Structures are given as structure tokens and as C-alpha cells.
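Numbering (this note's numbering), first residue to last: 1 to 119. We put the beta carbon where it would ideally sit given N, CA and C, even for glycine. All of these numbers come straight from a predicted model, not from anything done at the bench.
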Amino acid sequence: MSFCRLDQPNVFVVTVKRAEDGLGTIVRLIETDGKETTATLTLASLAIEKAWQTNLVEENQTELNCTGNSVIMPVRAFGISTLRAGSLTIPRRLFAAAACPSGSDGRGTGPGHAGDGCF
């Protein structure tokens with residue numbers, strides 16, 4: 001089982017990161033076939049208590065329907081949709097090896113890695 005799963009073949013996860021304000025986790029999706037789509041994002045073994053569609057600067061816009069570890073998200077044709085999952089904790093260990101460049105301290109402040117986006 002993968003860490004996250006989408007139920008639509010034309011929608012892809014492009015970003016998973018801590019919100020800039022530290023309140024929740026941001027997930028960005030992109031639609032690639034030019035079709036307005038509603039996708040269900042499932043995050044394995046992680047409970048999503050609240051979720052919001054946000055704009056690109058991570059300001060909450062609309063509360064989304066979520067159940068357990070899944071959230072339903074609209075994605076415009078060729079669009080980027082951003083969602084904030086609240087009360088969701090992603091263990092650092094899941095991203096330390098995969099997302100952070102070798103030598104990063106995991107906060108984006110290691111030697112030569114300032115602002116690398118890792119946490």
C-alpha cells in the first residue's frame with residue numbers, strides 16, 4: 001500500500017508539505033487530461049479530521065468533505081488544487097529519506113540546504 005492514493009487516473013499529487021503557517025499539512029493536486037474532476041485522496045494510516053480547499057498562498061477557502069483518512073477534492077481542468085488537512089500529523093521519518101536531500105538536517109537549514117522545503 002502506498003502512502004497516498006487517488007481514485008482518478010488524471011489527477012496526481014505534486015506536493016505534500018507542512019503548511020507555511022504550521023497549521024496542518026498541504027497537499028497539491030494537478031489534473032492532466034483537461035477534464036474537471038472530483039478526486040478522492042486517501043492517506044494510508046493517517047486520520048484527517050478537517051480539510052479545506054485553499055488558494056495557492058494557503059488561505060482556507062472552502063471546507064471539504066472528509067471521512068477517516070480520505071478527502072474529496074474538486075480539481076479544475078488542467079488545474080492545480082491545494083488542500084489543507086488539519087489535525088493530520090505526518091511523521092518526519094516518512095519524508096526524511098525520500099524528500100530531503102542528502103545531508104539536510106530535515107528542517108531545510110542544513111549545510112547548503114537552506115530553504116530546501118524539508119521539515
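Segment contact, 8 Å Cβ cut-off, at least three pairs: the segment 50-70 with the segment 16-27
yes
Minimum C-alpha distance to residue 33 - residue among 83, 77 and 81
Looking up residue 33 in the sequence shown gives position 33. Looking at the Cα atoms, 77 is the closest of the given residues.
What span of residues does the beta strand (DSSP E) with residue 12 cover, start to end?
The residue you call residue 12 lines up with position 12 of the sequence shown. Start and end: 11-18.
Which of helix, strand or coil does DSSP assign to residue 63?
For the purposes of this step, residue 63 is taken as residue 63 along the sequence shown, with counting starting at 1. Here residue 63 sits in strand by DSSP.
Test item: CB-CB of residue 75 and residue 31 under 7 Å:
Start at 1 with the first residue of the sequence shown, and residue 75 comes out as number 75. Start at 1 with the first residue of the sequence shown, and residue 31 comes out as number 31. Cβ distance < 7 Å, so residue 75 and residue 31 count as in contact.
Considering residue 75, what are the terminal residues of the beta strand (DSSP E) in which it resides?
For the purposes of this step, residue 75 is identified with residue 75 of the sequence shown, where counting begins at 1. Unbroken beta strand (DSSP E) run through residue 75: 70-75.
Determine, using beta carbons only, whether residue 83 and residue 53 come nearer to each other than 7 Å.
Working through the sequence shown from its first residue, we reach residue 83 at position 83. Working through the sequence shown from its first residue, we reach residue 53 at position 53. Yes, the Cβ-Cβ distance between residue 83 and residue 53 is below 7 Å.
Candidates 43, 15 and 35: closest to residue 66 by CA position
The residue given as residue 66 occupies position 66 in the sequence shown. Minimum Cα distance to residue 66 is reached at 43.
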